[in-house]
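Single-structure report; data block below.
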Amino acid sequence: MYNTGRHVSLRLDKEHLVNISGGPMTYSHRLEEIRLHFGSEDGQGSEHLLNGQGFSGEVSLTPAVTHTVVQLIHYNHELYTNYTEAAKSPNGLVIVSIFMKIAETSNSFLNRMLNRDTITRITYKNDAYLLTSLNIEEIYPETSSFITYDGSMTTPPCFETVTWLLMNKPVYLTRMQNQPSQIFLSMSDNVRPVQELNNRCIRTNINFSMQGKDCPNNRAQKLQYRGTKTIRSPCHHAAPSLFLLSSLFISLS
C-alpha cells in the first residue's frame, strides 16, 4: 500500500501475477495497481456517473470523506513489455471500476486495505506498508454484468488507450470501517472533470429484459459517466443495444 500524495494505491509484487481476460478484451491484461478515489461529499469520489448519479468512490471512500471508487488498472502484457509502454499504446490498458457504498455489511478485501491499522501506517506522502495474504477475487462484487467503453486515462497525459469496464453492482463497507479514511480528506475529490462523449459507443452485457422491484428497467433513462456529460450513445436506438459480451476471467499465478 502506498500514499502517492494524490491516491492510495495497492501494487502487487512481481511474484504474484493477476491477469484478466474475456469480456470486450481481445488480449489478456495484467494487474498493475489498485487505486482508490475519494470524495469529500456524496457523489464526488466517482469518476463515472450512472443515470447522472455519482458514488462515494471508485474504489474511493468517506464519513468526512463520503464517496469512494476502486479502480483496478491492468496493462496488455501480450503486446507490451510493461505498464509504461502500454499506457501510451493502442489496446494498452484495461481499467475495471468498482463503485463503493456504505452499508451494514463489508467487503473483506477493502476491510483489509482500509482498516485503521493499515491506514495509519500510510498517513503521509510516500509512506508504504506491506499487506500480505490478500485474495484479489474478493474485491469484485457479486455480478458478472458490466458496462464498457473505449476512453482515456483520467490522469495526465490522459492517453486514449483505455478500455473501461464499470461493474454493475457496488461493493460495500460499513460506516465504522470506513471511518479511518477521514485521514485522506486532503486527497478527496481527486477525480477528472466530466468530459464529452465524443461519439463513443457504450456496450453492456446487462440483460435489460430482467426487471423487478430490485432491478428496474432503465432502458429509457440516460446514462452518464465521469468523462462524459450526457451518455446518449450514437449506438443508442429505441433502447441501448445489448451486445453479447462474455464474462470476465481472472487468473492468479
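By the count of this note's numbering, the sequence shown reaches residue 292 at its end, each step adding exactly one. Just so it is clear, CB atoms sit at the ideal spot from N, CA and C, and this is done for glycine as well. These figures come from a predicted structure and were not determined experimentally.
Classify residue i as helix, strand or coil using the three-state DSSP reduction.
i           : result
residue 142 : coil
residue 124 : helix
residue 212 : strand
residue 150 : helix
residue 67  : coil
residue 105 : Its pLDDT being 41, under 50, residue 105 is placed unreliably by the model, and the measurement read from it follows with that caveat. Looking at residue 105 - three-state DSSP - the assignment turns out to be coil, as it is neither helix nor strand.
Could you check whether residue j and residue i sit closer than 8 Å to each other, using their CB atoms as the reference points?
i           : j           : result
residue 286 : residue 62  : yes
residue 112 : residue 134 : yes
residue 116 : residue 55  : no
residue 130 : residue 65  : yes
residue 184 : residue 245 : yes
For my contact list, residue i and residue j are in at a C-beta cut-off of 8 Å; report their separation, rounded to the angstrom.
i           : j           : result
residue 203 : residue 187 : 6 Å
residue 40  : residue 170 : 6 Å
residue 73  : residue 109 : 6 Å
residue 178 : residue 149 : 7 Å
residue 71  : residue 119 : The Cβ separation is near 11 Å, so there is no contact.
residue 139 : residue 209 : 6 Å
Could you tell me the alpha carbon to alpha carbon distance between residue i and residue j, rounded to whole angstroms?
i           : j           : result
residue 199 : residue 247 : 29 Å
residue 127 : residue 52  : 23 Å
residue 195 : residue 201 : 13 Å
residue 57  : residue 176 : 10 Å
residue 59  : residue 238 : 27 Å
residue 242 : residue 164 : 38 Å
residue 43  : residue 168 : 12 Å
residue 47  : residue 125 : 22 Å
residue 154 : residue 172 : 15 Å
residue 159 : residue 240 : 42 Å
residue 161 : residue 49  : 11 Å
residue 288 : residue 75  : 22 Å
residue 189 : residue 166 : 33 Å
residue 143 : residue 156 : 21 Å
residue 45  : residue 146 : 24 Å
residue 207 : residue 114 : 22 Å
residue 215 : residue 174 : 22 Å
residue 191 : residue 180 : 24 Å
residue 197 : residue 132 : 12 Å
In terms of DSSP beta bridges, what is residue i paired with?
i           : result
residue 290 : 58
residue 243 : 186
residue 72  : 50, 112
residue 206 : 185
residue 136 : 110, 205
residue 42  : 47
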